[in-house]
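Contents: one structure, followed by commentary.
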Amino acid sequence: MALNTITPQVLAYKPPHPKLEEFVPARDRALFADPTKAALLAEASAIEEVTPYIGTELKGIQLSKLTDAQKDELALLVAERGVVFLRDQDITLDQQHQLASYYGKQDRDPHQENPNHVTIIGRDGNIRQHDHFGGEFHADHSFEVNPPSYTLLRMVKTPPSGGDTVFTSLSALFDKLSPRFQKALEGLHARHSADRSYLSSLNGGGHPLRAPIATAHPLIRTHPVTGLKILAYNPTFIDRIQELNGQESSHILAFLREHLLNADDLGVRWKWTPGAVAFWDNRSVVHKALPGGYDVTLREGKRTAIFGERPFFDPDKSESLSQRTERLNAGKKDTATHVSSEPELNN
Ligand SMILES: [Fe+2]
Numbered sequence: 001m002a003l004n005t006i007t008p009q010v011l012a013y014k015p016p017h018p019k020l021e022e023f024v025p026a027r028d029r030a031l032f033a034d035p036t037k038a039a040l041l042a043e044a045s046a047i048e049e050v051t052p053y054i055g056t057e058l059k060g061i062q063l064s065k066l067t068d069a070q071k072d073e074l075a076l077l078v079a080e081r082g083v084v085f086l087r088d089q090d091i092t093l094d095q096q097h098q099l100a101s102y103y104g105k106q107d108r109d110p111h112q113e114n115p116n117h118v119t120i121i122g123r124d125g126n127i128r129q130h131d132h133f134g135g136e137f138h139a140d141h142s143f144e145v146n147p148p149s150y151t152l153l154r155m156v157k158t159p160p161s162g163g164d165t166v167f168t169s170l171s172a173l174f175d176k177l178s179p180r181f182q183k184a185l186e187g188l189h190a191r192h193s194a195d196r197s198y199l200s201s202l203n204g205g206g207h208p209l210r211a212p213i214a215t216a217h218p219l220i221r222t223h224p225v226t227g228l229k230i231l232a233y234n235p236t237f238i239d240r241i242q243e244l245n246g247q248e249s250s251h252i253l254a255f256l257r258e259h260l261l262n263a264d265d266l267g268v269r270w271k272w273t274p275g276a277v278a279f280w281d282n283r284s285v286v287h288k289a290l291p292g293g294y295d296v297t298l299r300e301g302k303r304t305a306i307f308g309e310r311p312f313f314d315p316d317k318s319e320s321l322s323q324r325t326e327r328l329n330a331g332k333k334d335t336a337t338h339v340s341s342e343p344e345l346n347n
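Mapping of the sequence shown onto UniProt numbering: position 218 corresponds to residue 218, and the numbering continues sequentially without gaps.
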């Protein structure tokens with residue numbers, strides 16, 4: 001049976017929880033951080049940029065021992081680098097839940113049994129088959145009115161190989177579009193629908209907590225901390241672009257999928273080890289776990305996340321990655337000119 005089918009079980013099912021109401025989250029903790037991140041970085045034995053566009057690995061740091069100032073700086077690093085990796089963490093599940101709570105209101109996925117965390121397991125199957133769900137890039141349950149922001153996955157056990165996760169930067173993905181095309185996409189809204197995940201879960205024996213919803217979010221989104229423009233494309237949940245006609249929408253979405261799948265230069269592939277953590281920003285990064293080829297019982301992780309702000313686009317207060325680089329370089333040139341002219345002034 002196709003998992004996307006509306007069956008008698010689907011029609012008879014009554015989700016136990018009501019729909020979520022929109023809320024305004026507390027001020028993002030990254031906005032409280034010292035921009036130099038001195039307290040956090042002083043603690044690290046090494047800070048490695050895994051790729052130029054996304055991913056920083058912090059070594060010598062235990063998440064279980066962070067001060068509040070360091071937690072704020074970690075949020076800023078996650079917002080700036082998309083994902084931060086750490087290995088060999090001793091943090092317990094309770095401490096992980098407390099850490100998530102420090103950043104905001106605990107997120108709850110519609111398929112999440114324990115209110116404090118999601119258990120992530122191994123995944124088999126062929127992602128190329130019809131109705132395969134969950135093997136595609138996505139930001140987690142982006143159909144919510146307040147989709148998740150800071151998200152932490154700690155792997156408890158991992159197979160010797162297989163089950164890697166790939167993360168791709170959506171601010172870099174926006175930046176690599178031509179300025180003309182960027183302009184054409186700004187102001188559009190994408191509809192993020194829970195229908196497929198709901199059907200796939202129910203027909204696969206799951207019990208989703210909430211009825212499926214669909215929410216329109218800006219296709220180009222402003223990051224509230226970095227001010228960067230984000231191409232909020234999500235091939236798992238977006239089913240249309242609201243302002244376009246049907247065929248226009250399908251072709252633009254097909255192009256965006258190709259753009260994302262070609263973006264090896266803007267992504268990072270993380271190989272898990274037991275106790276390793278990826279702490280990412282679901283607002284500015286998409287990810288996918290690579291399924292198949294390993295014993296799925298050997299992979300298990302715990303995910304905690306918080307609900308973020310309702311996505312917004314503020315064209316006057318956001319810029320692309322290239323615009324930001326240009327602005328910062330212009331600032332540096334001014335300083336350099338000033339410094340080099342000093343000896344002449346002294347003469
Ligand atoms: Fe996910």
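Cβ atoms here follow ideal geometry from the backbone N, Cα and C, with glycine treated the same way.
Residue j beta carbon less than 7 Å from that of residue i
| i | j | result |
| --- | --- | --- |
| residue 154 | residue 291 | no |
| residue 280 | residue 151 | yes |
| residue 228 | residue 171 | yes |
| residue 143 | residue 237 | yes |
| residue 358 | residue 169 | Beyond the ends of the chain as shown, which are 1 and 347, falls residue 358; an answer cannot be given. |
| residue 29 | residue 149 | no |
| residue 173 | residue 219 | no |
| residue 331 | residue 147 | no |
N-terminal and C-terminal residue of the alpha helix (DSSP H) that residue i is part of
| i | result |
| --- | --- |
| residue 71 | 68-81 |
| residue 353 | Shown here, the chain extends from 1 to 347; a query on residue 353 therefore has no answer. |
| residue 171 | 170-175 |
| residue 252 | 246-261 |
| residue 181 | 179-185 |
| residue 38 | 38-43 |
Beta bridge counterpart(s) of residue i as assigned by DSSP
| i | result |
| --- | --- |
| residue 229 | 222 |
| residue 157 | 300 |
| residue 294 | Its beta-bridge partners do not exist; DSSP assigns none. |
| residue 148 | 307 |
| residue 106 | 306 |
| residue 24 | Per DSSP, none; premise fails for residue 24. |
| residue 119 | 302 |
Span of the beta strand (DSSP E), counted from its first residue to its last, around residue i
| i | result |
| --- | --- |
| residue 58 | 56-59 |
| residue 94 | Unbroken run through residue 94 is the alpha helix (DSSP H), 93-103; no beta strand (DSSP E). |
| residue 193 | 189-193 |
| residue 240 | 238-241 |
| residue 267 | 267-270 |
| residue 211 | Residue 211 -> no beta strand (DSSP E), and no H or E assigned at all. |
| residue 2 | No beta strand (DSSP E) holds residue 2; DSSP gives it neither H nor E. |
| residue 289 | 285-289 |
| residue 49 | 46-49 |
| residue 281 | 277-281 |
When the options are compared against residue i, the one with the closest alpha-carbon
| i | options | result |
| --- | --- | --- |
| residue 41 | 32, 194, 52, 60 | 60 |
| residue 240 | 217, 269, 258 | 217 |
| residue 62 | 178, 86, 249, 269 | 86 |
**Prompt:** What is the chain-ordered set of residues for which the beta carbon lies under 6 Å from any non-hydrogen atom of ligand 1?
**Reply:** Going down the chain, each residue whose beta-carbon is closer than 6 Å to a heavy atom of ligand 1 shows up: 138, 140, 287.
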